[in-house]
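Colleague: After the structure tokens below, expect a handful of questions from me.
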Amino acid sequence: MEETSRDVLSFDGAAGDGFELCCCCNQAARVEWSTGQLAAEPELVSPSSEAMVYGLPIVIRPLRQQAVRMPAVVKFCDLWLYGSGLRFPGARMSPGQSSRCVAARVAALGAARSATTDVSPPYKMKRRRSLGFRVSVELPFSSSTMAAPSTEIFHATATAPVNIAVIKYWGKASTKLNTPTNSSLSVTLSQDDLRTITTASCSPSFESDALWLNGAAHDVSNARSQACFAELRALRKAKEDKDQSLPPLSTYKLHLISENNFPTAAGLASSAAGFAAFVRAIADLYELDESPTELSRIARQGSGSACRSLFGGFVAWEKGSRNDGYDSVAVQVAPESHWPTIRAAILVISDAKKGVSSTSGMQATVATSTLFPNRANTVVPARMDAMKKAIAEKDFESFADLTMADSNSFHAVCLDTIPPIFYMNDASRAAIRVVEEINRCAGKKVAAYTFDAGPNAVIYYDESNQDIVLGALRKGTADVPGWTEKQPHITACLPEGFNEAVLAPLSGNVSRVILTGVGSGPLKVPKQQALIDEQGNPRPAS
């Protein structure tokens with residue numbers, strides 16, 4: 151090649167640094183090591199029929215005299231210098247731009263060297279021992295004419311539902327793996343009424359992982375979020391290793407933008423819907439082939455109950471028995487179509503953040519409650535079997551008995567914790583008395599209450615009994631928002647013999663009613679409805 155009108159870019163690596171050369175479009179680069187400063191016969195470490203990447207010879211020369219072998223990994227157009235904290239990712243290129251884009255990447259790496267902050271490698275770095283090195287790239291044209299590096303943003307958007315457990319999860323077998331002490335079972339609620347929508351995006355231009363929830367920035371450096379990121383990136387990297395034409399999305403930073411249409415952190419399973427949407431959106435972004443059950447292993451690490459929100463209908467989270475948590479996954483007990491007449495009325499008694507988080511509360515219960523071992527080891531396993539049978543047979547009375555009994559058991563171990571945990575309040579207990587009075591007047595179980603780690607009441611009923619159930623609830627909650635939007639024809643009326651005195655503590659303490667029913671699992675959202683702007687930040691509210 152001619153020596154005129156060309157740039158030679160060189161970068162020195164320190165002893166102990168690792169180097170990985172990545173190329174695009176399945177073209178292999180010629181990577182050479184020598185045993186001295188300018189060896190006449192460099193050792194060809196990665197021989198290939200394609201000796202160049204679009205005419206760019208790349209030579210790595212050691213800075214000390216020592217024979218080494220360093221594998222070159224052909225991947226996609228990325229150039230990494232580990233140890234120095236340098237990273238310059240590539241992006242998808244059209245064939246006509248390839249030569250200049252490759253050169254631009256190398257030039258930009260050199261220009262950014264002084265300003266680039268440390269970046270952790272996305273996978274195990276390859277190191278050589280006690281040897282510095284120099285990377286030299288000879289360009290076939292001046293770097294001043296090269297194109298700017300890509301800022302393309304890849305994105306996918308998904309929604310995920312809320313699930314409300316009828317057999318409760320409470321207690322961790324392993325805080326590291328986020329595995330439960332007992333299995334649990336839930337009903338997935340309709341996303342028409344309760345859902346999280348999340349856009350997951352990545353780009354070579356993003357400087358760090360970031361999350362916005364309802365417009366506010368949130369920290370993603372916590373161990374739970376990072377565990378999910380690492381698992382999903384590893385799955386994407388496995389795809390990239392098999393198909394080197396894929397863009398290296400696993401190496402790019404992620405921006406996540408989420409919005410809830412219900413109160414956050416008030417006992418409405420917001421973290422479950424949030425992490426399920428988080429995992430599903432990234433899985434769609436990465437075009438992963440894993441099943442919902444396989445993805446539930448990942449979602450579980452973010453929020454235990456999130457694994458159940460990866461399915462619609464009736465879902466069990468099996469606690470598993472393996473020490474590595476591999477079999478602690480969610481499975482669908484029955485789809486929403488199996489029992490579509492199941493309905494839920496949610497009485498929002500408080501949308502304030504709860505005083506004791508679920509994580510800290512359950513850790514205290516496991517450590518101090520004398521009732522807890524019997525619940526986890528004896529009571530819940532029997533109820534899981536009975537609940538699966540009730541769902542299979544669409545036996546609402548058994549479903550109701552089990553649901554209410556398990557809610558009471560869960561809150562009993564919370565009260566048995568030292569110090570005691572009070573998730574319910576006077577209005578919550580009033581809702582229990584109203585449900586018991588409805589069932590007494592009906593002469594059978596037509597409604598079932600349950601409370602998660604918060605004061606809000608979730609009342610399940612079958613559509614065939616909605617008049618008696620909703621009539622009494624509306625009488626007790628007057629004209630709070632939620633009634634006219636969903637059930638304008640329901641009138642406030644009480645069955646014969648109903649004790650109106652039980653309604654008094656409820657009146658004035660419910661801020662909203664959410665009327666919903668059993669629903670589907672996560673859904674893909676068209677790209678034009680993404681929550682990001684052109685820079686990968688939250689889109690302004692319309």
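Counting in this note's numbering, the sequence shown runs from 151 upward without gaps. Glycine included, every Cβ here is placed at the ideal spot set by N, Cα and C. In this text, all values refer to a predicted model and were calculated from it rather than measured experimentally.
Out of P605, Q678, S614, Q616, point me to the one whose CA is closest to V660's CA.
Modeller: Here residue 660 refers to the residue found at position 510 of the sequence shown. Out of P605, Q678, S614, Q616, P605 has the C-alpha closest to the C-alpha of V660.
Colleague: Would you identify the three-state DSSP class for A350, choosing helix, strand or coil?
Modeller: The residue labelled residue 350 in the question sits at position 200 within the sequence shown. A350: strand per DSSP, three-state reduction.
Colleague: Using the three-state DSSP reduction, which class does H561 fall into: helix, strand or coil?
Modeller: Here residue 561 is taken as the residue at index 411 of the sequence shown, counted from 1. In the structure shown, H561 sits in a helix (DSSP, three-state: H, G or I).
Colleague: List in chain order: all unbroken alpha helix (DSSP H) runs of 4+ residues lying wholly within the stretch 396-425.
Modeller: Correct list: empty.
Colleague: Would you check if the stretch 303-317 and the stretch 330-345 touch, i.e. whether three or more CB-CB distances between them fall below 8 Å?
Modeller: Verdict: yes, contact present.
Colleague: Distance, Cα to Cα, E547 vs Q678?
Modeller: Translated into positions along the sequence shown, residue 547 becomes position 397. Translated into positions along the sequence shown, residue 678 becomes position 528. When rounded, the distance between both Cα atoms is 45 Å.
Colleague: Could you check whether L418 and F425 sit closer than 8 Å to each other, using their CB atoms as the reference points?
Modeller: By 1-based counting over the sequence shown, the position of residue 425 is 275. By 1-based counting over the sequence shown, the position of residue 418 is 268. No, they are not a contact pair.
Colleague: Would the stretch 508-522 and the stretch 559-574 be scored as touching if the rule is three or more Cβ pairs under 8 Å?
Modeller: Yes: the two stretches touch, three or more of their Cβ pairs being nearer than 8 Å.
Colleague: By a C-beta neighbour count over all protein chains shown, 10 Å radius and 16 as the cutoff for buried, is K403 buried or exposed?
Modeller: Sequence index remark: in the sequence shown, residue 403 carries index 253 (1-based). Counting Cβ neighbours within 10 Å, K403 comes out buried, since at least 16 surround it.
Colleague: Do E409 and N364 have their C-beta atoms closer together than 8 Å?
Modeller: For the purposes of this step, residue 409 is taken as the residue at position 259 of the sequence shown. For the purposes of this step, residue 364 is taken as the residue at position 214 of the sequence shown. Against a cut-off of 8 Å, the Cβ pair of N364 and E409 comes out as a contact.
Colleague: How many Å lie between I492 and G462 at the Cα?
Modeller: Within the sequence shown, the letter at position 342 stands for residue 492. Within the sequence shown, the letter at position 312 stands for residue 462. The straight-line gap from Cα to Cα measures roughly 13 Å.
Colleague: If contacts are defined as beta-carbon pairs under 8 Å, then I618 and A592 qualify, I think. What distance do you get, rounded to the angstrom?
Modeller: Position 468 of the sequence shown, counted from the start, is the residue given in the question as residue 618. Position 442 of the sequence shown, counted from the start, is the residue given in the question as residue 592. About 6 Å separates the two Cβ atoms, so the contact holds.
Colleague: Check the C-beta distance from K538 over to W489 and give it rounded, since I have them as a contact under 8 Å.
Modeller: Along the sequence shown, one-based indexing puts residue 538 at 388. Along the sequence shown, one-based indexing puts residue 489 at 339. K538 to W489, Cβ: 12 Å. No contact.
Colleague: Which stretch, first to last residue, makes up the alpha helix (DSSP H) that contains P531?
Modeller: Within the sequence shown, the letter at position 381 stands for residue 531. Its alpha helix (DSSP H) spans residues 530-543.
Colleague: Given F304, which residues of its chain have a CB within under 8 Å of its CB, disregarding the five upstream and five downstream residues?
Modeller: Numbered from 1 along the sequence shown, position 154 holds the residue referred to as residue 304. Excluding sequence neighbours, F304 sits near S351, C352, S353, P397, L399, Y402, L435.
Colleague: Would you mind reading off the limits of the beta strand (DSSP E) that contains W362?
Modeller: For this step, residue 362 is matched to residue 212 along the sequence shown. It spans 360-363 - the beta strand (DSSP E) in which W362 sits, taken as one unbroken run.
Colleague: How many Å lie between N527 and R533 at the Cα?
Modeller: As a working mapping, residue 527 is identified with position 377 in the sequence shown. As a working mapping, residue 533 is identified with position 383 in the sequence shown. Cα to Cα, the separation comes out at about 11 Å.
Colleague: Please state the DSSP three-state secondary structure of T338.
Modeller: Numbered from its first residue, the sequence shown carries residue 338 at position 188. Three-state DSSP puts T338 in a strand.
Colleague: Taking just the CA atoms, how far does E444 sit from E468?
Modeller: Counting from one through the sequence shown, the residue named residue 468 turns up at place 318. Counting from one through the sequence shown, the residue named residue 444 turns up at place 294. Rounded to whole angstroms, E468 to E444 spans 13 Å at the Cα level.
Colleague: If you compare alpha carbons, which of D629, V596, R624 is closest to S614?
Modeller: As a first step, residue 614 is located in the sequence shown; it is residue number 464 there, counting from the start. For the residues D629, V596, R624, the minimum Cα distance to S614 belongs to V596.
Colleague: Take the Cβ of N589 as the centre, count every other Cβ of all protein chains shown within 10 Å, and call the residue buried at 16 or more, exposed below.
Modeller: The count along the sequence shown starts at 1 and reaches residue 589 at position 439. Buried, because 16 or more other Cβ atoms sit within 10 Å of the Cβ of N589.
Colleague: In the stretch 456-528, which residue ranges form an unbroken alpha helix (DSSP H) of at least 4 residues, counting only runs that do not cross its ends?
Modeller: 508-518, all fully within the stretch 456-528.
Colleague: Considering only their Cβ atoms, is the gap separating V370 from L339 smaller than 8 Å?
Modeller: Within the sequence shown, the letter at position 189 stands for residue 339. Within the sequence shown, the letter at position 220 stands for residue 370. Against a cut-off of 8 Å, the Cβ pair of V370 and L339 comes out as no contact.
Colleague: Go through its chain and collect everything with a Cβ distance to I582's Cβ below 6 Å, but skip five positions before and after it.
Modeller: Residue numbering aside, residue 582 sits at position 432 when the sequence shown is read from its first letter. Once the five neighbours on either side are set aside, the close Cβ partners of I582 are Y599.
Colleague: In its own chain, which residues sit with a C-beta less than 8 Å from the C-beta of R689, not counting the 5 before and 5 after it?
Modeller: Position 539 of the sequence shown holds residue 689. Excluding positions up to five away in sequence, the list reads I407, A680, L681, I682, D683.
Colleague: For F304, which residues does DSSP report across the bridge?
Modeller: Locating residue 304 in the sequence shown gives position 154, where the first residue counts as 1. C352, per the DSSP bridge assignment.
Colleague: Kindly indicate if chain E contains any beta-carbon less than 8 Å away from that of P676.
Modeller: Included in the structure is just one protein chain, with no chain E present.
Colleague: Where does I314 sit, in a helix, a strand or coil, going by DSSP?
Modeller: As a working note, residue 314 is residue 164 in the sequence shown. Three-state DSSP puts I314 in a strand.
Colleague: Pick helix, strand or coil for I609, following the three-state DSSP scheme.
Modeller: Position 459 of the sequence shown holds residue 609. Correct three-state label for I609: strand.
Colleague: Between which residues of its own chain and S453 is the CB-CB distance below 6 Å, once the five residues before and five after are set aside?
Modeller: Along the sequence shown, one-based indexing puts residue 453 at 303. Closer than 6 Å at the Cβ level, and outside the excluded window around S453, lie S421, A422, F425.
Colleague: Within 10 angstroms of the Cβ of C564, are there 16 or more other Cβ atoms? Answer buried if so, exposed if not.
Modeller: For the purposes of this step, residue 564 is taken as residue 414 along the sequence shown, with counting starting at 1. With 16 or more other Cβ atoms within 10 Å, it is buried.
Colleague: Let's test the definition: count the other Cβ atoms within 10 Å of the Cβ of P672 and tell me whether it reaches 16, buried, or not, exposed.
Modeller: For the purposes of this step, residue 672 is identified with residue 522 of the sequence shown, where counting begins at 1. Counting Cβ neighbours within 10 Å, P672 comes out buried, since at least 16 surround it.
Colleague: Using alpha carbons as the reference points, say which of A308, T301, K322 lies closest to A514.
Modeller: Position 364 of the sequence shown, counting from 1, holds the residue named residue 514. Looking at the Cα atoms, K322 is the closest of the given residues.
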